[in-house]
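Participant: First the structure, which I've put down as structure tokens, then a few questions once you've had a look.
In our numbering, the protein residues as written are 392 to 514.
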């Protein structure tokens with residue numbers, strides 16, 4: 392008989408704004424990683440998230456985390472597939488965009504149609 396393994400859910404960490412997720416993605420990009428942001432609809436809202444792993448958490452090899460922000464306006468950023476972020480002496484600027492722009496870090500947004508069970512978080 393084949394043994395079926397269950398997949399644990401991610402630990403959801405709700406952040407106060409999309410800027411927090413963009414800032415985290417920018418810091419990952421500066422370390423040479425290739426971050427992306429996921430976007431999916433749930434309960435007539437849009438969830439933006441960034442998956443990460445908290446390594447070597449007690450007896451686990453890693454604890455899966457989803458940093459996420461919930462937006463009530465489902466059509467506000469429709470068709471915009473990048474979050475652009477720029478941080479300099481003038482401050483931090485975060486924008487949704489249809490494409491990339493010179494001088495900005497572009498974080499791609501992946502639209503998820505079917506939400507896997509492990510991403511089933513409370514919004």
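Cβ atoms here follow ideal geometry from the backbone N, Cα and C, with glycine treated the same way.
(1) Since residue 508 contacts residue 429 with CB under 8 Å, what's their CB separation in whole angstroms?
(2) Span of the alpha helix (DSSP H) holding residue 462?
(3) Buried or exposed for residue 498, going by 16 or more other Cβ atoms inside 10 Å?
(4) What residue range does the alpha helix (DSSP H) around residue 413 cover?
(5) Cα-Cα, which of 457, 414, 409 and 502 is closest to residue 441?
(6) With burial defined as no fewer than 16 other Cβ atoms inside 10 Å of the residue's Cβ, what is the status of residue 437: buried or exposed?
(7) Find out if the Cβ-Cβ distance for the pair residue 402, residue 460 is shorter than 8 Å.
(8) Under 8 Å between C-beta atoms, does residue 410 make it to chain B?
(9) With respect to the beta strand (DSSP E) encompassing residue 428, which residues constitute its N-terminal and C-terminal limits?
Facilitator: Here's the rundown:
(1) Their Cβ separation, rounded to whole angstroms, is 15 Å, which puts residue 508 and residue 429 out of contact at 8 Å.
(2) Careful: residue 462 lies outside any alpha helix (DSSP H), inside the beta strand (DSSP E) at 453 to 462.
(3) buried
(4) 409 to 421
(5) Here the closest residue by C-alpha is 457.
(6) buried
(7) no
(8) Absence of chain B from the displayed structure is noted, only one protein chain being present.
(9) 428 to 433
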